[in-house]
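In this note's numbering, the protein residues as written are 14 to 279. One structure below.
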């Protein structure tokens, strides 16, 4: 095992890879719900994210009109997603459109199964993932926090898995850390917690569990001060990653004095 030092998570030795690309930041952000393009752009900058996801079905692509794509700084990796799709066919068609628009093969796959909870349809997600992988796409699928589904997605060729922490936009944080732990034990591809992160401590918990990265949108955009929250999320992810590498102290049922008992003055 490589030696972990104080600088491990702030230099190039702690990078991670997905789809043939290498990243230093372990925070991925979305582009929805901001008040305008300027706020979107500044939130991305302050978050330190190197990958940004965009909902293809909600992007304004009319010539001469401002688009959320204008908010993405040069050099940031664009991760188009299939938000709003309710079948494998719709999701595959949307990814093909992204390719026709000149976007790379790296895609976030979402196939929603229920309009009220926005939970994913795992069965349709696997069907779509298999088709997209066969067409050369590098697929990052949004799914429930189910180790079996994550394993099946890995087996069909997905380059990562993205289990939810809680329902999209809920801000409830990680509802089932045990399942996330099981997923980390089950798959070898990167595990990126997606959906439900509401504040910096939620992001830190995801990283402390050993997740590769965290994706969020509403947790930043719906904060009272989104730009301040973008920076807080950056630090939360970094702190959680450092804590994971450091290795937390054992939990104990009883007190354990910090000071040595030997040499006490009577």
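Think of the CB as a built atom: it goes at the ideal place given N, C-alpha and C, for glycine as much as any other residue.
**Nearest-angstrom Cβ-Cβ length linking residue 161 and residue 176, presumed shorter than 8 Å** = Translated into positions along the chain shown, residue 161 becomes position 148. Translated into positions along the chain shown, residue 176 becomes position 163. So it is not a contact: roughly 12 Å between Cβ atoms.
**Sufficient close CB pairs (3 or more, under 8 Å) joining the stretch 194-204 to the stretch 232-245** = no
**Asked** Nearest to residue 63 by alpha carbon, out of 248, 85, 53?
**Response** Numbered from its first residue, the chain shown carries residue 63 at position 50. The shortest Cα separation from residue 63 among 248, 85, 53 belongs to 85.
**Prompt:** Could you give the distance in angstroms between the alpha-carbon of residue 46 and the alpha-carbon of residue 261?
**Reply:** Start at 1 with the first residue of the chain shown, and residue 46 comes out as number 33. Start at 1 with the first residue of the chain shown, and residue 261 comes out as number 248. Between residue 46 and residue 261, the C-alpha separation is close to 36 Å.
**Message:** Using DSSP's beta-bridge definition, name the partner residues of residue 93.
**Reply:** By 1-based counting over the chain shown, the position of residue 93 is 80. Note: residue 93 sits in a beta bridge opposite 67.
**6 Å CB neighbourhood of residue 24 in its chain, flanking five on each side removed** = Your numbering for residue 24 matches position 11 in the chain shown. Residue confidence for residue 24 is low, a pLDDT of 49 falling below 50, so the modelled location carries little weight and cannot support an answer.
**Request:** Could you work out which residue in 133, 222, 126, 152 is closest to residue 111 when comparing CA atoms only?
**Result:** For this step, residue 111 is matched to residue 98 along the chain shown. Ranked by Cα distance from residue 111, the first of 133, 222, 126, 152 is 152.
**Asked** Under a Cβ-count criterion, where at least 16 other Cβ atoms within 10 Å of its own Cβ denotes burial, should residue 60 be classed as buried or exposed?
**Response** Along the chain shown, read from residue 1 onward, the residue named residue 60 stands at position 47. It counts as buried.
**Message:** Quick test of your reading: residue 144 and residue 101, contact by CB under 8 Å. State the CB separation rounded to the nearest angstrom.
**Reply:** The sequence position of residue 144 within the chain shown is 131, counting from 1. The sequence position of residue 101 within the chain shown is 88, counting from 1. Between residue 101 and residue 144 the Cβ distance is about 7 Å, and since that is below 8 Å, they are a contact.
**Request:** Have a look at the DSSP bridge pairing and note the partners of residue 176.
**Result:** Position 163 of the chain shown holds residue 176. DSSP lists 156 as partners of residue 176.
**Asked** Got a sec? Which residues, its chain only, sit under 6 Å from residue 97 by beta carbon, not counting five neighbours each side?
**Response** As a first step, residue 97 must be located in the chain shown, where it is residue number 84. Excluding residues up to 5 positions away in sequence, 70 lie with their Cβ nearer than 6 Å to the Cβ of residue 97 in the same chain.
**Coil, strand or helix - residue 48 by DSSP** = Along the chain shown, one-based indexing puts residue 48 at 35. In the structure shown, residue 48 sits in coil (DSSP, three-state: anything other than H, G, I, E or B).
**Request:** To the nearest angstrom, report how far apart residue 126 and residue 244 are at their CA atoms.
**Result:** In the chain shown, the residue the question calls residue 126 occupies position 113. In the chain shown, the residue the question calls residue 244 occupies position 231. Cα-Cα distance, rounded: 33 Å.
**Message:** Which residues does DSSP list as the beta-bridge partners of residue 35?
**Reply:** If you number the chain shown from 1, residue 35 lands on position 22. Per DSSP, 30.
**Prompt:** Nearest to residue 253 by alpha carbon, out of 217, 131, 38?
**Reply:** The sequence position of residue 253 within the chain shown is 240, counting from 1. For residue 253, the nearest C-alpha among the options comes from 217.
**Prompt:** Beta carbon of residue 67, beta carbon of residue 94: below 8 Å?
**Reply:** Reading the chain shown from its first residue, position 54 is the one you call residue 67. Reading the chain shown from its first residue, position 81 is the one you call residue 94. In contact: residue 67 and residue 94 (Cβ atoms closer than 8 Å).
**Prompt:** What number of angstroms, rounded off, separates the C-alpha of residue 222 from the C-alpha of residue 190?
**Reply:** Counting from 1 along the chain shown, the entry for residue 222 is found at position 209. Counting from 1 along the chain shown, the entry for residue 190 is found at position 177. Between residue 222 and residue 190, the C-alpha separation is close to 8 Å.
**Request:** Quickly, what does DSSP pair residue 133 with across the bridge? List them, please.
**Result:** The count along the chain shown starts at 1 and reaches residue 133 at position 120. 125, per the DSSP bridge assignment.
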